[in-house]
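Asks: Going by the numbering used here, the sequence shown opens with residue 12, and the numbers climb by one from there.
Below: one structure in structure tokens.
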Amino acid sequence: MSTIYDFEVKKPDGELLSLKEYEGKPLVIVNTASKCGFTPQFGGLQELYEDYKDQGLTILGFPCDQFNDQEFENIEETTEFCQVNYGVTFPMFAKVDVNGESAEPLFTHLTSEKKGMLSKKIKWNFTKFLVDRNGQVVERYAPQTAPEKLAADVEKLL
């Protein structure tokens with residue numbers, strides 16, 4: 012059975028990172044966008060991270076431009092925007108596709124493990140996946156689910 016630890020992802024500088032780096036930690040993996048109605052969720056994600064990072068939680072943000080061109084072209088603009096406007100200190104990665112033939116393999120895995128309400132496809136920015144300490148996807152949250160609503164589920168994994 013595969014886990015998220017079987018995947019490598021690109022950091023903003025293009026360097027590959029094995030998700031084994033996060034082995035043993037609960038994770039929230041989220042596709043983000045800097046120019047979306049849900050963009051203020053960066054603040055809630057940062058709060059969630061600050062509240063639980065000392066207990067092991069890590070949040071992994073993956074900018075995505077597949078929904079109405081709502082992400083900056085340049086990854087440096089994206090990371091600066093997140094830091095300046097929302098104080099984001101959790102790891103952000105290179106821009107990815109989450110659907111279709113060019114979808115990031117990690118997101119193909121996440122969506123195959125936890126389907127959405129009507130389909131496996133990610134429908135919008137800020138779809139969130141909760142992963143346990145063993146690398147198994149345990150929950151999927153809709154874009155409109157505020158990050159603070161994840162706290163009780165995160166606590167169960169700590």
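Built from N, CA and C at the ideal position, the CB exists for glycine as well.
Since the structure is predicted, the reported quantities are computational estimates derived from the model, not experimental observations.
Between Thr-122 and Val-109, is the Cβ-Cβ spacing less than 9 angstroms?
Replies: Here residue 122 is taken as the residue at index 111 of the sequence shown, counted from 1. Here residue 109 is taken as the residue at index 98 of the sequence shown, counted from 1. In this structure, Val-109 lies closer than 9 angstroms to Thr-122 by Cβ.
Asks: Please classify Asp-76: is it buried, with 16 or more other beta-carbons within 10 angstroms of its beta-carbon, or exposed?
Replies: Taking the sequence shown and counting its residues from 1, one reaches residue 76 at position 65. That one is buried.
Asks: Can you check DSSP and say which residues form a bridge with Cys-75?
Replies: Residue numbering aside, residue 75 sits at position 64 when the sequence shown is read from its first letter. Answer is Val-107, bridged to Cys-75.
Asks: According to DSSP, is Phe-83 part of a helix, a strand, or is it coil?
Replies: Looking up residue 83 in the sequence shown gives position 72. Of the three classes helix, strand and coil, the one that applies to Phe-83 here is coil, per DSSP.
Asks: Is Thr-43 near Phe-137, with beta carbons less than 9 angstroms apart?
Replies: For the purposes of this step, residue 43 is taken as the residue at position 32 of the sequence shown. For the purposes of this step, residue 137 is taken as the residue at position 126 of the sequence shown. The answer is yes: Cβ separation under 9 angstroms.
Asks: Does the contact criterion of 3 or more C-beta pairs under 8 angstroms hold for the segment 56–69 versus the segment 92–105?
Replies: Counting Cβ pairs under 8 angstroms, three or more are found: they touch.
Asks: Tell me the rounded alpha-carbon separation between Tyr-152 and Ile-40.
Replies: As a working mapping, residue 152 is identified with position 141 in the sequence shown. As a working mapping, residue 40 is identified with position 29 in the sequence shown. When rounded, the distance between both Cα atoms is 10 angstroms.
Asks: What are the boundary residues of the beta strand (DSSP E) that Leu-28 is part of?
Replies: Your numbering for residue 28 matches position 17 in the sequence shown. First-last of the beta strand (DSSP E) with Leu-28: 27–29.
Asks: For Glu-112, which of helix, strand or coil comes out of DSSP?
Replies: Reading the sequence shown from its first residue, position 101 is the one you call residue 112. If DSSP states are grouped into helix, strand and coil, Glu-112 belongs with coil.
Asks: In terms of alpha-carbon separation, which member of Glu-19, Phe-140, Cys-93, Val-165 lies closest to Cys-47?
Replies: Locating residue 47 in the sequence shown gives position 36, where the first residue counts as 1. Cα-wise, what sits closest to Cys-47 is Cys-93.
Asks: What would DSSP say about Ile-133, mapped onto helix, strand or coil?
Replies: Here residue 133 refers to the residue found at position 122 of the sequence shown. Coil at Ile-133, not helix or strand.
Asks: Is the Cβ of Gln-77 closer than 9 angstroms to any Cβ of chain C?
Replies: Going by chain labels, chain C is absent from the structure shown, which holds only one protein chain.
Asks: Using only the alpha-carbon positions, how far apart do Ala-162 and Pro-37 sit?
Replies: What you label residue 162 is simply residue 151 of the sequence shown in a count that begins at 1. What you label residue 37 is simply residue 26 of the sequence shown in a count that begins at 1. Taking the straight line joining both Cα atoms gives about 12 angstroms.
Asks: Are Val-20 and Phe-73 touching if we call contact CB-CB under 9 angstroms?
Replies: Along the sequence shown, one-based indexing puts residue 20 at 9. Along the sequence shown, one-based indexing puts residue 73 at 62. Result yes, Cβ atoms of Val-20 and Phe-73 sit closer than 9 angstroms.
Asks: Assuming Thr-156 contacts Lys-139 under a Cβ cut-off of 8 angstroms, what Cβ separation, rounded to an integer in Å, is found between them?
Replies: Looking up residue 156 in the sequence shown gives position 145. Looking up residue 139 in the sequence shown gives position 128. The Cβ separation is near 7 angstroms, so the contact holds.
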